[in-house]
Amino acid sequence: MVGLRAKHSDERALYEAWLRQIDFLVPGEDITTWCMIQNSRSAFLAASTYQPSDVLSQFKLFRGWRYILGSEETQEEIRTRLYLTRQGRQAIDFCIRDHMDRYEAKIEKWPFDNADGTNTLHFSALVSLAASRDIKTRRQYHASLTGFISFLVYSHENSMLREMGLKLDYTRRSDLQLLDTSMGTTESRMDKLFDTTDYDCLWDRIEWIMRWSIESDENATPRNEPLLWWTAVLVRAAIAERWEQEEFRNIGDDRNPLPENLGIGEHIDAIIHCYKVFLLNESFKYWSTCPKDACAGEVRRASYNKNNAKDNRILNWLEGVKGRRLHARSDIRSCSSDSWPELLSKMIMDLDDCLGPHGETPLGKLRVLREELASLDR
Numbered sequence: 334m335v336g337l338r339a340k341h342s343d344e345r346a347l348y349e350a351w352l353r354q355i356d357f358l359v360p361g362e363d364i365t366t367w368c369m370i371q372n373s374r375s376a377f378l379a380a381s382t383y384q385p386s387d388v389l390s391q392f393k394l395f396r397g398w399r400y401i402l403g404s405e406e407t408q409e410e411i412r413t414r415l416y417l418t419r420q421g422r423q424a425i426d427f428c429i430r431d432h433m434d435r436y437e438a439k440i441e442k443w444p445f446d447n448a449d450g451t452n453t454l455h456f457s458a459l460v461s462l463a464a465s466r467d468i469k470t471r472r473q474y475h476a477s478l479t480g481f482i483s484f485l486v487y488s489h490e491n492s493m494l495r496e497m498g499l500k501l502d503y504t505r506r507s508d509l510q511l512l513d514t515s516m517g518t519t520e521s522r523m524d525k526l527f528d529t530t531d532y533d534c535l536w537d538r539i540e541w542i543m544r545w546s547i548e549s550d551e552n553a554t555p556r557n558e559p560l561l562w563w564t565a566v567l568v569r570a571a572i573a574e575r576w577e578q579e580e581f582r583n584i585g586d587d588r589n590p591l592p593e594n595l596g597i598g599e600h601i602d603a604i605i606h607c608y609k610v611f612l613l614n615e616s617f618k619y620w621s622t623c624p625k626d627a628c629a630g631e632v633r634r635a636s637y638n639k640n641n642a643k644d645n646r647i648l649n650w651l652e653g654v655k656g657r658r659l660h661a662r663s664d665i666r667s668c669s670s671d672s673w674p675e676l677l678s679k680m681i682m683d684l685d686d687c688l689g690p691h692g693e694t695p696l697g698k699l700r701v702l703r704e705e706l707a708s709l710d711r
């Protein structure tokens, strides 16, 4: 992929050193695993286009359990399976865009004078991408997250994760299976994009997958943690030969959920931004259930009501249709209660635990890699 490719020898050396450090997909090693990842990626892209390519015939491993059991699928079964693969990926894509947009919008409605409290964090400040001028960046960031989640789900559905070097425990396999089940209820309703009942259920399952990467685990490696595994796959693709990188390009149309103009650093930025937005919402959800919640009501209005004139105006602005951003002076919330500082403190603690200097979470490990990459440009 054009954007992923290492730009110079120092960047390539950094990537190779990182792969050796994590002992996964080192060039010249793990050859079988890398080939399986390439084949799986190509089959995933081919299967989820509107007009699946004939290249699918090359990937007999991905023809489902009937092939494994010794019987070929019928053409009708193949069409049905490919249709469900495509619809499933679109459902994940829609869920991520819809709910992450809501979370970005919630950041916009945090009390303006108090938002700085969430920016005293390691690595970089949390900056909302909800503005219409940031739609392109926001969509790229969401696409990066979609690329990770949808490929993970597809590989699990086809029982290929272990062959690709990722061995999940029973609990995480069960979580992925529940996500598969949620997709099953969604696929029959793809024409009702704004019927949120099924999509909310699917998003709940996606959030469970995201929570894996915010758990402190010094023993997390690409062989047992999906986000580290996915990052290692992208890093390996960045130093691959050009003909190998072709396996990561889309086949048949332009519906590749992974933006091709983002490099490794930008992909890490995208993932970390999405997780920061996610964690901010997680912290508030926890707080809003506390009995002593004296200030959450002031922030709870961050869920928008299209029948409210002010909310409708900012919704239009977020979508780049019309309207304008709310000015700080229009925000009448004082958040002067004694519980407000405690709310901010919890948010900062949650974000710092996941992205802080110790690198004990998968996200923290990615932050360290991003800092090393940024040092090359100084």
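The opening residue of the sequence shown carries number 334 in the working numbering; numbering runs sequentially from there.
Using N, Cα and C, we set each Cβ at its ideal position, and we do this for glycine too.
Just so you know, these numbers come straight off a predicted model, no measurement behind them.
Rounded to the nearest whole angstrom, the C-alpha separation of S515 and L485 is 15 Å. Comparing C-alpha distances from D531 to each of L696, K439, H432 shows the shortest one belongs to H432. CA-CA distance, A376 to H341, rounds to 30 Å. Here DSSP, grouped into helix, strand and coil, assigns K500 to coil.
DSSP places H341 in no alpha helix (DSSP H); its state is neither H nor E. When secondary structure is reduced to three states using DSSP, L702 falls in the helix class. Using a Cβ distance threshold of 8 Å, Q473 and A603 count as a contacting pair. Taking the Cβ atoms as the reference, D550 lies roughly 18 Å from E615, outside the contact range of under 8 Å. The alpha-carbon of I364 is positioned some 31 Å away from that of D710. Taking each of N372, L478, A707, L561 in turn and checking the Cα distance to K609, the smallest one comes out for L478. In this structure I605 does not touch E349 by the C-beta definition: roughly 23 Å separates them, more than the 8 Å allowed. For E490, the enclosing alpha helix (DSSP H) begins and ends at 468-490.
In this structure, the CA atom of Y503 is about 15 Å from the CA atom of D513. In its chain, beyond the 5 residues on either side, F481 have a beta carbon closer than 6 Å to the beta carbon of W563. Here DSSP, grouped into helix, strand and coil, assigns S461 to coil. The DSSP assignment places complete alpha helix (DSSP H) segments of no fewer than 4 residues inside the segment 346-382 at 364-380, in order along the chain. At a Cβ-Cβ threshold of 8 Å, R556 and L499 count as neighbours. Relative to the Cα of E574, the nearest Cα in the group G361, I355, Y416, D356 belongs to G361.
Per DSSP, the unbroken alpha helix (DSSP H) holding L561 starts and ends at 559-571. Here DSSP, grouped into helix, strand and coil, assigns T514 to helix. Spatial neighbours of A380 in its own chain (CB-CB distance under 6 Å, excluding positions within 5 residues in sequence) are listed in chain order as L415, T418. In this structure, DSSP gives I604 a helical state, which the three-state scheme calls helix.
Apart from the 5 residues on each side of it in sequence, S546 sits with its Cβ closer than 6 Å to the Cβ of L560, P695, L696 in its chain, given in chain order. With fewer than 16 other Cβ atoms inside 10 Å of its own Cβ, V460 counts as exposed. The residue from I370, L337, E693, R345 with its alpha-carbon nearest to that of T554 is E693.
When DSSP states are grouped into helix, strand and coil, T407 belongs to the coil group. Here H475 is actually not in contact with I411; their C-beta atoms are around 30 Å apart, not less than 8 Å. Note that the C-beta distance between W541 and D508 is below 8 Å.
Annotation for H600: S477, L567 place their beta carbon closer than 7 Å to its own, counting only its chain and skipping 5 residues before and after. C-alpha of L501 to C-alpha of N491: approximately 14 Å in a straight line. The Cβ neighbour count for E437, taken over all protein chains shown within 10 Å, is at least 16; the residue is labelled buried. By the Cβ neighbour-count rule, D426 is buried, with 16 or more other Cβ atoms within 10 Å of its own. For the pair N552 and M369, the Cα-to-Cα distance works out to about 25 Å.
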